[in-house]
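Notes to accompany the following structure.
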Amino acid sequence: MKSIKISFFAIASIILLLTSCHKHKHEEDTVGTVKVSFSHVWGMNSATFSLNQDLVHPMNGETMNFTTFKYYVSNLELKKEDGTYWKHPESYFLVNLADPTTATLEMTNVPTGHYTGFRYTLGVDSLRNVSGAQTGALSTANGMFWSWNSGYIMIKAEGTSPASSSGNFAYHLGGYAGTNNVVTTNTIEFTDHLELTENASKTIKMSANPAKLFHSDAIANGSSIMMPGSRAKSMATNFYSGFTFLGLE
Amino acid sequence: MKLIYFLFLGIVVISCKKKDQPFVITYPEYFPSPVYQFIDNTPTKSRFELGRKLFYDPILSEDNTVSCATCHAQTHGFADHGVSFSQGVHGLLGNRNAPTVFNLLWSPYFNWDGGVNHLEIFSLAPITNPVEMNESIENVLLKLNNTKVYRDAFKFAYGTEEITDQLMYRAISIFLAVIVSDGSKYDDFRQGKVSFTDEENAGYQLFKNNCASCHSEPLFTNFSFQNNGLDSVFVDLGRARITQESSDIGKFKVPTLRNIELTYPYMHDGRFMTLNMVLNHYDSGIKHSPTLSSSLSQGIHFTSQERASLIAFLKTLTDYKLLDNAKFRE
Chain L
9 MKSIKISFFA IASIILLLTS CHKHKHEEDT VGTVKVSFSH VWGMNSATFS LNQDLVHPMN
69 GETMNFTTFK YYVSNLELKK EDGTYWKHPE SYFLVNLADP TTATLEMTNV PTGHYTGFRY
129 TLGVDSLRNV SGAQTGALST ANGMFWSWNS GYIMIKAEGT SPASSSGNFA YHLGGYAGTN
189 NVVTTNTIEF TDHLELTENA SKTIKMSANP AKLFHSDAIA NGSSIMMPGS RAKSMATNFY
249 SGFTFLGLE
Chain G
224 MKLIYFLFLG IVVISCKKKD QPFVITYPEY FPSPVYQFID NTPTKSRFEL GRKLFYDPIL
284 SEDNTVSCAT CHAQTHGFAD HGVSFSQGVH GLLGNRNAPT VFNLLWSPYF NWDGGVNHLE
344 IFSLAPITNP VEMNESIENV LLKLNNTKVY RDAFKFAYGT EEITDQLMYR AISIFLAVIV
404 SDGSKYDDFR QGKVSFTDEE NAGYQLFKNN CASCHSEPLF TNFSFQNNGL DSVFVDLGRA
464 RITQESSDIG KFKVPTLRNI ELTYPYMHDG RFMTLNMVLN HYDSGIKHSP TLSSSLSQGI
524 HFTSQERASL IAFLKTLTDY KLLDNAKFRE
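Those protein sequences? They're chains L and G, same order as listed. The first sequence begins at 9 in the working numbering and counts up one residue at a time. The second sequence begins at 224 in the working numbering and counts up one residue at a time.
Here's what the structure looks like:
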């Protein structure tokens, strides 16, 4: 009886050994890579937007020179032919115009197949604003989280302008709750399907227009925003409304 | 066969498990369910010790002079040392009284205005505040990653080579979550271990009738925001700074009364040095404004004998075991 008991434990141990360390290997589908690349333009005539360059706003006429421009894009999803979405896991990106490599978001391990559309969120979804310490693009080391009023700075635009009495401007725009919520989800339907084959790489080309921040506003109205509110919402959602799908590549 | 079994068991243990020990956080059954859930941050001995090391280490500040413990001293109920405003780097003064940091496991938000929404990111505010530690998270991580003791400690506690802010916050959170104040005479009374004196009992009744609607047992706060009539013109907008609602002007989070004997001075700006001054305020100092707590519009009045009883009761909330607990020391 004793030896049976011991063998039982021995077998149990072997099973424990095999299951405890071994990572369960899935029968993987074939995969490829899909990138989302953002180009940045200034105004309707699509002049190139650059940091550290004097730009004249096409609507309010103010001259402004951006030293910082960063914004969050999150929750990338690809629409499948059956209308459901493939969700990119842990999908948080900080586009920082000082670092051009950040303007291309890369999704690896995307199942091969036909995709008919694309859905993405501008800003950081409310859940991650209330879930404690995050990592990667959402790390507080990026300086994009309000320490005293928890929540992500979803757009940070700073620079200089003669339209500001101090000579500087700083717009830290965010807000994830209630009437101040700026988080916006956009959906694009592709005209031609995105066909992803094994180990291939496809790019969804998008453009963003920082001039849109001042679509119905001006630096002269106030050169600083440091918390969520109605003006932050108006500026952020105007900027978000300027995201345009350019095509697939 | 026996030997093989032990051999296998040994392999299992060595191959997968670090020699860390689980850390059980205990609290009385009359405490509510914790708010902080330790998601992806299971408490272990090494994580607790790492959090404690960070709590006491001025490395988190700009010039390595100020630690969390500088303004949250175990000897003072984890508040500052009897000052209204705390000194940060370069001797700069803050503009609100340093709150206690025990029983945070039950706190739904943090700071006097409740602006911080999660225990894990609570420490971001003092580290980066220019008048507290004035350090960037980027630089804190650089310093920690350049310190072998920390690299080794994080690797052991969390199994990673690189120290991230997420792991730093999580370790500090575990230390903070473990600081439970539940060893006061009041707690012994609740558990039937001791009796109150007649004076304490009388004070307890007065407390229940006059104070407990906001300073609710057993945590001695209901975590609501109240204007308790300190001012009628507000230099510090309090909760309205966060919500931007005029209905929140001059409201501050109701503080716990546990260890109140030790955590003077009182109020968000530390304006009252003694409990008697606080009771004077509630008796005859209430200033009226649109957001004044409705329960304070007539003030709260006690005879001098009642006042003595109430203070005797409040002193039963002092947790000497917390102050003496070697586990929380540097």
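Beta carbons are placed, not taken as given, at the ideal position from N, Cα and C, and that holds for glycine.
| task | Rounded to whole angstroms, what's the CA-CA distance from Tyr427/G to Thr539/G? Just pull it up for me. | result | Note on geometry: alpha-carbon atoms of Tyr427/G and Thr539/G lie some 10 Å from one another.
| Distance, Cα to Cα, Ser168/G vs Thr479/G? | Because residue 168/G is not part of the residues shown, which for chain G are 224 to 553, the question remains open.
| Can a CB atom of chain G be found closer than 7 Å to the CB of Ser238/L? | no
| field | Buried versus exposed, by CB contacts within 10 Å (16 or more), Asn482/G | value | buried
| said: For a contact defined as C-beta to C-beta under 7 Å, what are the partners of Ala149/L on chain G? | reply: Ile360, Glu361, Leu364 and Asp388
| field | Beta-carbon gap between Thr168/L and Asn104/L smaller than 7 Å | value | The Cβ-Cβ distance between Thr168/L and Asn104/L does not fall below 7 Å.
| field | Opening and closing residue of the beta strand (DSSP E) in which Met72/L lies | value | Thr71 to Lys88
| field | Burial state of Ala549/G, where buried means 16 or more other Cβ atoms lie within 10 Å | value | exposed
| query | The alpha helix (DSSP H) with Leu393/G in it runs from where to where? | reply | The question names Leu, but residue 393/G is Arg in the sequence shown. Residues Asp388 to Val401.
| By how many angstroms is the C-alpha of Ala178/L removed from the C-alpha of Val372/G? | 39 Å
| said: I'd like to know if Ser232/L contacts chain G, where contact means its C-beta is closer than 7 Å to some C-beta of that chain. | reply: no
| message | Taking CB distances under 7 Å as the criterion, tell me whether Ser155/L reaches chain G. | response | yes
| Gln467/G: contacting residues in chain L (beta-carbon distance under 7 Å) | Gly237
| task | Taking Asp421/G as part of the alpha helix (DSSP H), name the residues at either end of that continuous run. | result | Asp421 to Asn433
| Neighbour flag for Ser158/L against chain G, beta carbons, 7 Å | yes
| Whole-angstrom Cβ separation of Leu316/G and Ile395/G, contact assumed at under 8 Å? | No, Leu316/G and Ile395/G are not in contact; Cβ-Cβ is about 24 Å, not under 8 Å.
| task | Assign Tyr543/G to one of two classes, buried (16 or more other C-beta atoms within 10 Å of its C-beta) or exposed (fewer than that). | result | exposed
| Do you know offhand how far Leu113/L's Cα is from Leu256/L's? | Rounded to the nearest angstrom, the gap between the Cα atoms of Leu113/L and Leu256/L is 14 Å.
| Considering only residues of the same chain and omitting the five flanking positions on each side of Ala219/L, which have a CB-CB separation below 7 Å? | Trp50, Gly51, His65 and Pro66
| For Ala244/L, does the three-state DSSP call read helix, strand or coil? | helix
| Met496/G, buried or exposed, once every other Cβ within 10 Å from all chains shown has been counted against 16 | exposed
| request: Look at Leu474/G and Thr514/G and say whether their C-beta atoms are less than 7 Å apart. | output: What sits at residue 474/G in the sequence shown is Lys, not Leu. The answer is yes: Cβ separation under 7 Å.
| query | Since Val190/L meets chain G, which of its residues come closer than 8 Å, beta carbon to beta carbon? | reply | Ordered by position in chain G, no residue passes the 8 Å Cβ test against Val190/L, which lies about 15 Å from the chain.
| Residue ranges of each beta strand (DSSP E) run of no fewer than 3 residues wholly in the segment 180 to 232 of chain L, ordered along the chain? | 192 to 204 and 209 to 216
| Which residue comes first and which comes last in the beta strand (DSSP E) that contains Ser117/L? | The sequence shown places Asn at residue 117/L, rather than the Ser named in the question. Segment Thr112 to Pro119, the beta strand (DSSP E) holding Asn117/L.
| Members of the segment 126 to 147 of chain L that neighbour chain G once the beta carbon cut-off is set at 8 Å | Asn137, Val138, Ser139, Gly140, Ala141, Gln142, Thr143 and Ser147
| Are three or more beta carbon pairs between the segment 264 to 271 of chain G and the segment 241 to 255 of chain G nearer than 8 Å? | yes
| N- and C-terminal bounds of the alpha helix (DSSP H) containing Leu135/L | Ser134 to Asn137
| Local Cβ density within 10 Å of Gln389/G, reported as buried at 16 or more and exposed below that | buried
| Separation of Gly508/G from Tyr489/G, as counted between CA atoms | 15 Å
| field | Residue-level contact to chain L via CB, Ala400/G, 7 Å cutoff | value | For Ala400/G, no CB of chain L lies under 7 Å from its own CB, so it is not counted at the interface with that chain.
| message | I need the DSSP call for Thr351/G, collapsed to helix, strand or coil. | response | helix
| request: Taking all protein chains shown into account, decide if Thr351/G is buried (16 or more other Cβ within 10 angstroms of its Cβ) or exposed. | output: Taking every protein chain shown into account, the CB of Thr351/G has 16 or more other CB atoms within 10 angstroms, so this residue is buried.
| said: Helix, strand or coil for His34/L? Go by DSSP, reduced to three states. | reply: Low local confidence applies: a pLDDT of 49 at His34/L is under 50, so the model's placement there is unreliable, with the coordinate-based value given in what follows. Taken through DSSP and simplified to helix, strand or coil, His34/L comes out as coil.
| Looking only at its own chain, which residues have a Cβ that is under 8 Å from the Cβ of Cys437/G, when we skip the five neighbours before and after it? | Thr444, Asn445, Ser447, Gln449, Val477, Ser516 and Ser518
| said: In whole angstroms, give me the CA-to-CA distance for Phe536/G and Leu485/G. | reply: 14 Å
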